[in-house]
Amino acid sequence: MRLFPGLESLGPWLAAAAYIACLSLAVLGRFMSGQWKAMRLVGEAGHA
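Using numbering that gives the first Met the number 0, the first residue of the sequence shown is number 0, and each one after it goes up by one.
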């Protein structure tokens, strides 16, 4: 599928950069909201 054939090899690089930017904004939003503080990385003691 060719949406923007004039971009040639620059197209995939722009798409990857846009993808990284969107993910970065999502992570930044989660960090700024403080939800990351409630994450549990290790289970409670006594449960195996």
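Beta carbons: idealized from backbone N, C-alpha and C, even for Gly.
Taken through DSSP and simplified to helix, strand or coil, PHE3 comes out as coil.
In the displayed model, ARG29 falls within a helix according to three-state DSSP.
Sequence-distant Cβ neighbours of ARG29 in its own chain, meaning closer than 7 Å and more than five residues away, are TRP35.
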